Amino acid sequence: MSHDRDRATSRTTARTGSPPTTRPVRRVVLAVVVVVCATVLGACAAIPTSGPVMEGEAVVAAPGPVFLQANSPRQDAPPDQIVQGFLAAQVSGATGTFDVATEFLTPASASSWSPLAQVAVLATEPTFDVDDSAADADTATVRATAELVGVVDARGVYTEQLPGSTTELVYELARDSDGQWRIETTDDGLAITRTNFDRTYRATDLYFPTADRRYLVPDERWFPGRNWQTLAVRETLAGPAEWLSGAVTTATPEGIGLSIDSVTVADTGPVVVPLTDAASAMSTTDRGMLVAQLEASLADPARPVVQLSVGSAPLAAGPTPDIGPAVTPDDPVVLVGDDVSTLEGRSTEPVEGVAPLAGLDPTALAFRGSSSGSTFVVRDGTDRLVTAPHDGSDSVVLLEGEGLLAPGIDRFGLVWSGPAVQGGSLEVVSLDGEVSATVPVPWLEERRAVSVRVAPDGARLAVVSTSGTSVRVDVAGVVRDESGLPVQVSDPVRVGQPVTSASQVMWTDTALLGVLGRTATDVSPRLQLVPVGGPTRQASPLEDADWLAAGPGVSSVLLGTGDRSLYSAGSSTLWTRVATDVVLPTYPG
Numbered sequence: 001m002s003h004d005r006d007r008a009t010s011r012t013t014a015r016t017g018s019p020p021t022t023r024p025v026r027r028v029v030l031a032v033v034v035v036v037c038a039t040v041l042g043a044c045a046a047i048p049t050s051g052p053v054m055e056g057e058a059v060v061a062a063p064g065p066v067f068l069q070a071n072s073p074r075q076d077a078p079p080d081q082i083v084q085g086f087l088a089a090q091v092s093g094a095t096g097t098f099d100v101a102t103e104f105l106t107p108a109s110a111s112s113w114s115p116l117a118q119v120a121v122l123a124t125e126p127t128f129d130v131d132d133s134a135a136d137a138d139t140a141t142v143r144a145t146a147e148l149v150g151v152v153d154a155r156g157v158y159t160e161q162l163p164g165s166t167t168e169l170v171y172e173l174a175r176d177s178d179g180q181w182r183i184e185t186t187d188d189g190l191a192i193t194r195t196n197f198d199r200t201y202r203a204t205d206l207y208f209p210t211a212d213r214r215y216l217v218p219d220e221r222w223f224p225g226r227n228w229q230t231l232a233v234r235e236t237l238a239g240p241a242e243w244l245s246g247a248v249t250t251a252t253p254e255g256i257g258l259s260i261d262s263v264t265v266a267d268t269g270p271v272v273v274p275l276t277d278a279a280s281a282m283s284t285t286d287r288g289m290l291v292a293q294l295e296a297s298l299a300d301p302a303r304p305v306v307q308l309s310v311g312s313a314p315l316a317a318g319p320t321p322d323i324g325p326a327v328t329p330d331d332p333v334v335l336v337g338d339d340v341s342t343l344e345g346r347s348t349e350p351v352e353g354v355a356p357l358a359g360l361d362p363t364a365l366a367f368r369g370s371s372s373g374s375t376f377v378v379r380d381g382t383d384r385l386v387t388a389p390h391d392g393s394d395s396v397v398l399l400e401g402e403g404l405l406a407p408g409i410d411r412f413g414l415v416w417s418g419p420a421v422q423g424g425s426l427e428v429v430s431l432d433g434e435v436s437a438t439v440p441v442p443w444l445e446e447r448r449a450v451s452v453r454v455a456p457d458g459a460r461l462a463v464v465s466t467s468g469t470s471v472r473v474d475v476a477g478v479v480r481d482e483s484g485l486p487v488q489v490s491d492p493v494r495v496g497q498p499v500t501s502a503s504q505v506m507w508t509d510t511a512l513l514g515v516l517g518r519t520a521t522d523v524s525p526r527l528q529l530v531p532v533g534g535p536t537r538q539a540s541p542l543e544d545a546d547w548l549a550a551g552p553g554v555s556s557v558l559l560g561t562g563d564r565s566l567y568s569a570g571s572s573t574l575w576t577r578v579a580t581d582v583v584l585p586t587y588p589g
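If you're matching positions, the sequence shown starts at 1 in UniProt numbering and goes up one per residue.
See below:
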């Protein structure tokens, strides 16, 4: 699989630059108008791209009842208005049916058009170029051009696009037997503005168990609000996204699917999931795991229970395992002078048992679990990783090399680092130094690694790297052997496309990265909130921010500044200073 998933496919290919011109054309800018009737107007708000730091959620709340009214083709409408009406009706279809949208198509085109094959998410309404050279004939061509911010594929996977990318949509029209213009040729899929996409699509985390079945790993998808539960179940049965497939497992053997393309979501009672006959052969343990996966994805306090069925009969499942996403403990530390110290509110206290780091040049810290009784790893300068001295014991050298990355520790107790100048691999070593391994990461070859961070579940790796002036934020799956030792890192998915420079990446929520960096419009680094499968947004700026730490949720984020001050996100609209004369804020991991 290619690791550069930056472009759309077919005629919605993302391109940088101006679209080709056509022979005699007239350019018109048309607004795709839809009537929005929302029970709760605030539920239609777009995802913010700037403003306050806010808590992230594993599953975005439903957008609420949104009804979009589409109008049928107007009598004797010219080609550009037919295309305009078609695009407006697409928005309506995402919350209801596409019946009105197909009225703008010829019968042959209507029967073959697949609206959910992909979604082109546009920054604004398109600009239309209308070819008038055959206006008096029976055919016409309309080209619609717009900035492309994202593409959702047929499985609901959202791929953010590079800022400035454009897409051209080409519509071939013909007159029908009544002399009315209808669209004869169009690509499969939808083209919806970002505002309308936020109103009509729902971000939903699917969940797949880690190989040891200890945690659930989120796999973010985007589905139309009208039938998101059915699509979430169908895609859970189909398995994880390609980049994640080797790092997680699934309870569902191949060949099991929905017996009808619908799940029953009543006002009361369980969500009923009708499966094909092959599900009867699943073990009760696997059925219980599938129920846990689906209940996590369909999370609804009013209907927390999922009932599997085959035919019209309930399918008994084993006990639903007590399993969920792994979360970073809320136990930050900072360095106060030479002392590794806990941070509680605005107070610091040296960690008991950890000796002062006098004689070392600490440039990064890492620990696992609770700060109390934990082994701390210190990057000494830039060329050594050592354990922090404990009372009565000296430091132990874990790794030496030129320009080592800041360390992170996964849930298996393995320290991740490696040289910044990459040959296509990372290094892992156990906290006692007894086990070490070189993990191949071929897509990092000839790049410069800046920051790496393993997710709390141990199944995903976030990487910031550069090549020349180009920066990438990537997420990949971590494949492990039976002992938990990583043996492979999958081809990655690129995220955070607006980020143009970055110094750190952290997991700020189960499917959300925090990146300390800049976009093209930023004067200085700030916290960029980067979903693994969604549009990047920004936190409030903080002057002179130079160090990032993140724990369980966006509200836990800490930013250090060049004057040795420490700021907390909390639930405020502004950063709050919580400490001075401290450096290297660090959460477990």
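For each residue, glycine too, the CB sits at the ideal point set by N, CA and C. Just so you know, these numbers come straight off a predicted model, no measurement behind them.
| message | Quick check: the Cα distance between VAL505 and VAL377, rounded to an integer number of angstroms? | response | 18 Å
| Option in GLY553, VAL554, THR580 and LEU574 with minimal Cα separation from SER565 | THR580
| query | CA-CA distance, TRP228 and THR500? | reply | 34 Å
| Cα-Cα separation between THR236 and GLN307, rounded to whole angstroms | 15 Å
| query | In chain order, which alpha helix (DSSP H) runs of at least 4 residues are fully inside the region 245-318? | reply | 284-297
| Is GLY533 near TYR158, with beta carbons less than 9 Å apart? | yes
| task | Give, in chain order, every unbroken run of the alpha helix (DSSP H) that is at least 4 residues long and sits entirely within the region 361-391. | result | none
| said: Given this structure, state the Cα-to-Cα distance separating ASP391 from GLY359, to the nearest angstrom. | reply: 15 Å
| Test item: CB-CB of LEU132 and ALA144 under 9 Å | Inspection of the sequence shows that residue 132 is occupied by Asp rather than by Leu. No, these two residues do not count as a Cβ contact at 9 Å.
| query | If we ignore side chains and look at the alpha-carbon of each, how far apart do ALA539 and TRP547 end up? | reply | 15 Å
| query | Looking only at its own chain, which residues have a Cβ that is under 6 Å from the Cβ of VAL578, when we skip the five neighbours before and after it? | reply | ARG346, LEU566 and SER568
| Outcome for ASP481 when other beta-carbon atoms lying within 10 angstroms are tallied against a minimum of 16 | exposed
| Out of ALA364, ALA550 and GLY418, which has the shortest C-alpha to C-alpha gap to VAL429? | GLY418
| said: Three or more C-beta pairs under 8 Å: does that hold for the region 278-289 against the region 165-185? | reply: no
| Buried or exposed: where does ILE82 fall if 16 or more other Cβ atoms within 10 Å of its Cβ makes it buried? | buried
| task | Tell me whether VAL233 is buried or exposed, calling it buried when 16 or more other Cβ atoms sit within 10 Å of its Cβ. | result | buried
| task | Grab the span of the alpha helix (DSSP H) containing VAL232 for me, first residue to last. | result | Contrary to the premise, residue 232 reads as Ala rather than Val in this sequence. Start and end: 228-238.
| query | Are TRP113 and THR328 touching if we call contact CB-CB under 9 Å? | reply | no
| message | Suppose you measure from the CA of ASP410 to the CA of PHE86; what does that come to, to the nearest Å? | response | 50 Å
| task | Report the residue from GLU543, ARG494, ALA550 and SER555 whose alpha carbon sits nearest the alpha carbon of TRP243. | result | ARG494
| Taking the alpha carbon of THR97 as the point to measure from, which residue in PRO115, ARG453, ASP80 and ALA299 has its own alpha carbon closest? | PRO115
| said: According to DSSP, TYR158 sits in a beta bridge with which residue or residues? | reply: VAL152
| field | Cβ pair GLY156, PHE223 closer than 9 Å | value | yes
| said: Considering Cα atoms alone, identify which of ARG74, GLN69, GLN75 and SER111 is closest to ALA94. | reply: GLN69
| Leaving out the 5 sequence neighbours to the left and right, which residues in its chain are closer than 6 Å to LEU343 when beta-carbon positions are compared? | PRO332 and VAL334
| Does the pairing of the region 268-280 with the region 308-317 give three or more beta-carbon distances under 8 Å? | yes
| said: Can you tell me whether GLN84 is buried or exposed? The criterion is at least 16 other CB atoms within 10 Å of its CB, across all chains shown. | reply: buried
| Which one of ILE192, GLY403 and ALA550 has the shortest CA to CA distance from ALA88? | ILE192
| said: Here's the rule I'm using: 16 or more other beta-carbon atoms within 10 Å means buried, otherwise exposed. How should VAL397 be labelled? | reply: exposed
| field | DSSP bridge partner residues for GLU427 (one or two, in chain order) | value | SER417 and THR438
| task | Whole angstroms is fine: what's the gap from GLU57's alpha carbon to ASP509's? | result | The predicted position of GLU57 is uncertain, since its pLDDT is 35 and thus under 50; a value taken from the coordinates is nonetheless stated next. Using only the alpha carbons, I get a separation of about 8 Å.
| message | Taking the alpha-carbon of VAL515 as reference, which of PRO486, SER490, ALA545 and VAL487 has the nearest alpha-carbon? | response | ALA545
| message | Please identify the residue among ALA549, THR276, LEU527 and GLY553 whose C-alpha is closest to the C-alpha of PRO541. | response | LEU527
| message | Between which residues of its own chain and PHE197 is the CB-CB distance below 6 Å, once the five residues before and five after are set aside? | response | VAL121
| Span of the alpha helix (DSSP H) around LEU357 | From DSSP, LEU357 is part of no alpha helix (DSSP H); its letter is neither H nor E.
| task | Inspect the beta-carbon positions of VAL450 and SER470 and report whether they are closer than 9 Å. | result | no
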